Structure formats: structure tokens, C-alpha cells
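Numbering of the sequence shown is given in my numbering, commencing with residue 1 and proceeding in unit increments. Every residue gets a Cβ at the ideal spot worked out from N, C-alpha and C, and that includes glycine. Since the structure is predicted, the reported quantities are computational estimates derived from the model, not experimental observations. Below is one structure, written out as C-alpha cells, with a few remarks after it.
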Amino acid sequence: MEAYIIDAARTAGGKREGALKDWHPADLGAAVLNALVERTGIDPAAIDDVIVGCVGQVGEQAFHIGRNVVMASKLPDSVPAVSIDRQCGSSQQSVHFAAQAVMSGTQDMVIAAGVESMTRVPMGTPIILPMQAGIGIGPWPQSIKDRYGVNDFTQFRGAEMMAKKYGFSRGDLDAFALESHRKAAAATQAGAFEAEIVPLPVNGDTHRTDEGIRYDASLEGLGGLKTLVPDGVITAGNASQICDGASGVLIVNERALKAHNLAPIARIDHLTVTAGDPVIMLDEPIRATRVALERSGRSMDELDLYEVNEAFAPVPLAWLQQLQADPSRLNVHGGSIALGHPLGASGAKLMATLVHALRLHGKRFGLQTMCEGGGIANVTIVEALG
């Protein structure tokens, strides 16, 4: 069987302590589930499963955030859920698991979703709180530290390693960051995100615009920011923004299409996940994309648009360089540097942006990839329909 996307939606990104700071993450995720049901007209009781990606599964995102998202929504109690963590690729993996379920025929209609409130559950909380309480020694036993010759694994070190490995200067990274803001600003002003964004009520108003976009961004401003480490090249300006948000994709097979008279907006063409060096960790999308192209029989020339998560500017820049890809097809509406990176929600968020961008621009095939903690990367190829 094939896997089809009926709709894909996301909340507009909220800055840290911004518009979405008062939204409990379960309510945030529920808003997207409700929107998918309302927008598609499906019977919510027909949903076989909800797969929710989330990285910080502690505090308000603990005790099975996936089930809590369903319980906070208008879906009936009969709809099950599961919470998964593949770090930044969590909800892209939700999409993969949902697609595999409907392709197998074991389920017919699944929502792949993700949520992360980085305001209410700050990044690193699952490690920091136990350590502060004197519980355990952390996630890496001495055996892992000895094997890889490090005392910890950090994306910030990986980003610096990426820049050095592929030869990118501070100026290269800042120029890429500036372009991300410019593309995101242009897309917002042109209404390019309207089809994917779920409006949320906030303090008597409606939150429908990504808060992180710097409409007045400049190379001078970016160049004035301090690097994260002395003599480094990574700054807060050429890295993804901390963000609150949720996302979701309704995925079905042919049986559900016929049974519920649904019209798909895209078809999932290929799924790949690979893993490599967990120390540099961020360049695995390069190899994963090569594997995906080989397995799918697709070529880079066939791919009309690419969404490569802008965790740090060296990641998409290295991907472009190594795959000799067309920069004009990359993150055409901006990326996480401007729009924010709500960790567990980013995978389905990028899928929503990719599918709607393909349709908006009259394109056919799109590729999405994400660098992930542990040196893992997901790649998804989709075909726009309709």
C-alpha cells in the first residue's frame, strides 16, 4: 500500500518566553490535532493511532506526552497514542512510523505529530534536573566515554567541527543566516505559511505569525554577536532559535482514502534513516541523503525543493556543498535560524512547510532531512498531489 498525506499543519513558532509561554505543551499539541480533524472533516474515532515526537520528556512533557496530547484534544478516549524520542528528528520519525503503519495495512489512518515547549521545559532539563538532585551519573557511562574519547556529546562542539571540516568561515555562516531571515520574512509577508499554520488564541489576540523572524536582520548585526566558544564561528545568530511549537501530519492508505472519501495533498515516496559519528553528529544528513537517493532511484535533479533543518548554519551549507545541490531549492521559505527549532515538533513542522511549499510553487518532489543527536539522520521524500 501507499502512504498519503491528507493535511499537514503547525503552530506559528513562539520565541522563548514569547506568545506561547502560557500554553501547556499538551494543549499545544492538542490544538494541532483538533485543527487536523476540523480541516479534513475526518471522523476522529477512525484515527488508529497518534505518534508524538518530543525531546524533553520531563515535567510538563513527562508521563506520556503523546497520550496527554490526545486527552487534551477533542479526540475520543478510544484513540491511542505513543511518545517517541529521536532527538531533533522525533516527529520526522513520527511521520516514518505512521507511513510504515499504513503502508503495512496494520493501520489505516494515523496522525504523526510533535510538540516542544522550550520555554516551559528548557533544553537539557532531562539531564540537568537529575544531576542537580544527585541522581545518577548522566546518560553516558564510562564505556561510551572511553569508546569515543569524549566526556560528553554536544551539538555545539559538533557545529564547530562541521564548520572546520567543510571549510566555512564566520562570514559564510552569518551570510546564510541573513538569507534565512530574508526568505522567512518574504514568505510571511506573501502569506506563504497561511495554509500550514494553526492560529492560536493568545491574550485576546491570535498568534499566527512566527515570532523569531528578524525583519531588520543585517550582516553587521549578526557579525556583532559573540561566538559560543572563544575563537569559534557559531553564534546565537547563525544557529537555530529556541522555539515553542507543535505540528501534525494526517497519514492514510488507499483503504482509508476510499472509506472516508479523502483527497490527498501528497504521497510519501521514500523513507530512510541512517546513523554515523555521534561526536560530530550533525553531518549524517549528507550520507543519509545519498543512501535515500540510491535506495529510491531518485536523483538530485528530480527533487524540486529541499528542507534541510538549520540546526546550525554549517549543516545545510555542508549538505549543499557535498551533494552539489541547487541553493535556490533549499529552505525556500527560510529555516530554523529564522523560524525556530521546537525540537520534537520540528520534523512534522518541516514536513508541513515542505508539502505546502511544493503545492504553492507548483512543484512535484521534495526532500526533508534532519540532523539528530547521536549522529542519526532521517530523510523523507514526498510527491505533491492535487
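Who pairs with residue i in a beta bridge, going by DSSP?
i, result
"glutamate 302", "In DSSP, glutamate 302 forms no bridge with anything."
"isoleucine 268", "Val382"
"histidine 207", "Leu200"
"glutamine 368", "Glu307, Thr380"
"leucine 330", "Tyr306"
"glycine 14", "Asp244"
"serine 83", "Val52"
"threonine 235", "Thr227"
"valine 273", "Asn378"
"alanine 8", "Val249"
"phenylalanine 193", "Paired residue(s): none; phenylalanine 193 is not in a bridge."
What is the residue span of the alpha helix (DSSP H) that residue i lies within?
i, result
"isoleucine 144", "142-148"
"alanine 91", "The displayed chain sequence assigns serine, not alanine, to residue 91. 90-104 is the extent of the alpha helix (DSSP H) around serine 91."
"lysine 349", "346-360"
"isoleucine 127", "125-132"
"serine 336", "336-339"
"threonine 154", "Threonine 154 -> no alpha helix (DSSP H), and no H or E assigned at all."
"leucine 320", "314-323"
"leucine 290", "Looking at the sequence shown, residue 290 is not leucine but arginine. It spans 284-296 - the alpha helix (DSSP H) in which arginine 290 sits, taken as one unbroken run."
"aspartate 27", "25-40"
Using the C-alpha atoms, what's the distance from residue j back to residue i?
i, j, result
"isoleucine 127", "glycine 373", "14 Å"
"valine 291", "asparagine 378", "11 Å"
"serine 299", "threonine 369", "15 Å"
"lysine 387", "alanine 325", "Outside the shown range of the chain (1 to 386) lies residue 387, about which nothing can therefore be said."
"asparagine 261", "isoleucine 6", "11 Å"
"cysteine 88", "glycine 204", "32 Å"
"leucine 33", "alanine 275", "31 Å"
"asparagine 355", "glycine 41", "The displayed chain sequence assigns valine, not asparagine, to residue 355. Distance between the alpha carbons of valine 355 and glycine 41: 19 Å."
"alanine 26", "proline 264", "27 Å"
"glutamine 155", "alanine 259", "45 Å"
"arginine 157", "leucine 129", "22 Å"
"glycine 59", "serine 83", "14 Å"
"tyrosine 4", "aspartate 244", "27 Å"
"aspartate 283", "valine 150", "18 Å"
"leucine 320", "alanine 45", "43 Å"
"aspartate 108", "aspartate 77", "18 Å"
Is the beta carbon of residue j closer than 9 Å to that of residue i?
i, j, result
"glycine 375", "methionine 281", "yes"
"isoleucine 137", "glycine 248", "no"
"methionine 351", "glutamate 307", "yes"
"aspartate 301", "arginine 364", "no"
"serine 180", "glycine 18", "no"
"phenylalanine 8", "leucine 250", "The amino acid occupying residue 8 in the given sequence is alanine; phenylalanine does not appear at that position. Contact flag set, yes."
"serine 296", "isoleucine 381", "yes"
"glutamate 2", "arginine 267", "yes"
"proline 285", "valine 332", "no"
"glutamate 160", "valine 233", "yes"
"tyrosine 166", "leucine 323", "no"
"aspartate 22", "valine 202", "yes"
"valine 70", "alanine 30", "yes"
"alanine 246", "leucine 28", "yes"
Does chain C have any CB closer than 9 Å to the CB of residue i?
i, result
"leucine 225", "Within the model displayed, chain C is absent; a lone protein chain is all it includes."
Which stretch, first to last residue, makes up the beta strand (DSSP E) that contains residue i?
i, result
"serine 247", "243-252"
"methionine 109", "109-117"
Mind checking whether the beta-carbon of residue i lies closer than 8 Å to any heavy atom of the ligand NAP?
i, result
"isoleucine 42", "You won't find the ligand NAP in this model; it holds no ligand whatsoever."
Contact the segment 208-223 vs the segment 166-186: 3+ CB pairs below 8 Å: yes
Can we say the segment 107-123 touches the segment 9-24, given the rule of at least three CB pairs closer than 8 Å? yes
Counting Cβ pairs, one atom from each stretch, are 3 or more of them under 8 Å apart for the segment 270-279 and the segment 341-359? no
Pair every Cβ in the segment 23-39 with every Cβ in the segment 225-232, then say whether three or more of these pairs are closer than 8 Å. no
For the segment 97-111 and the segment 45-53, state whether three or more C-beta atom pairs, one from each stretch, are separated by less than 8 Å. yes
Closer than 8 Å is the cut-off here; do at least three beta carbon pairs connect the segment 161-179 with the segment 231-248? yes
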